[in-house]
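Trainee:
Residue numbers (this note's numbering): 14 to 204.
(1) Look at residue 76 and residue 45 and say whether their C-beta atoms are less than 9 Å apart.
(2) Please report the straight-line C-alpha distance between residue 120 and residue 141, rounded to a whole angstrom.
(3) Within its chain, find whatever has a CB closer than 8 Å to the CB of residue 156; leave out the 5 residues flanking it on each side and keep chain order.
(4) Within the same chain, show all residues whose beta-carbon is closer than 6 Å to that of residue 150, passing over the 5 residues directly before and after it, in chain order.
(5) Which one or two residues does DSSP pair with residue 171 in a beta bridge?
(6) If you reduce the DSSP assignment to three classes, tell me which class residue 33 lands in.
(7) Got a sec, what are the start and stop residues for the alpha helix (DSSP H) residue 138 sits in?
(8) Quick one: give me the first and last residue of the alpha helix (DSSP H) that residue 206 is part of.
(9) Suppose you measure from the CA of residue 68 to the CA of residue 41; what does that come to, to the nearest Å?
(10) To the nearest angstrom, how far is the alpha carbon of residue 189 from that of residue 167?
Written as structure tokens, this is what we have:
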């Protein structure tokens with residue numbers, strides 16, 4: 014049995030105990046060639062062929078370890094599997110953004126968001142809505158909050174109010190650890 018550092022993305026998806034697990038696995042299989050070729054980013058983290066899948070798998074491994082460790086201090090009010098689902102989708106636009114411009118699944122998005130000022134965060138939400146409709150699944154309000162604030166609160170930050178919830182904070186931590194601490198680590202671990 015693989016240890017946490019060598020689990021690939023598909024084995025990590027199989028560990029999720031949530032009614033949506035089969036949908037995630039189906040999305041992965043339906044998009045595997047695209048996912049496995051995409052870079053994790055243009056230059057900041059996991060920017061190699063297959064870096065997207067390596068980054069997502071790394072985030073799920075970090076989730077497993079940190080969720081279990083934090084739960085030893087005190088109970089968390091969100092589920093590890095909910096965090097895994099958000100982490101699976103948090104960068105869903107990237108395979109379409111960095112994918113081949115000859116792939117029809119990418120062309121639609123690359124054409125729509127081709128300008129220098131295009132906001133790929135908007136593409137993420139459009140892609141999510143299409144997938145939710147096609148695969149017939151949904152997110153809880155807490156998960157939507159975490160999807161919105163995975164990369165931090167940005168301009169939404171308020172000194173007098175909590176904007177991102179506990180799940181969002183945990184997901185942000187997992188993503189940030191992968192992208193900022195191990196940005197050049199983990200190549201080919203997700204294959």
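The C-beta atom is built at its ideal place from N, Cα and C for all residues, glycine as well.
Mentor: Taking the geometry as given:
(1) no
(2) Distance between the alpha carbons of residue 120 and residue 141: 17 Å.
(3) 95, 98, 99 and 180
(4) Closer than 6 Å at Cβ, skipping near neighbours: 33 and 36.
(5) Residue 171 is bridged to 174.
(6) Shown here, residue 33 sits in coil according to DSSP, grouped into three states, outside any helix or strand.
(7) 133-148
(8) Residue numbering for the chain in the displayed model covers 14 to 204; residue 206 lies beyond these limits and cannot be assessed.
(9) 14 Å
(10) Here the alpha carbon of residue 189 sits roughly 14 Å from the alpha carbon of residue 167.
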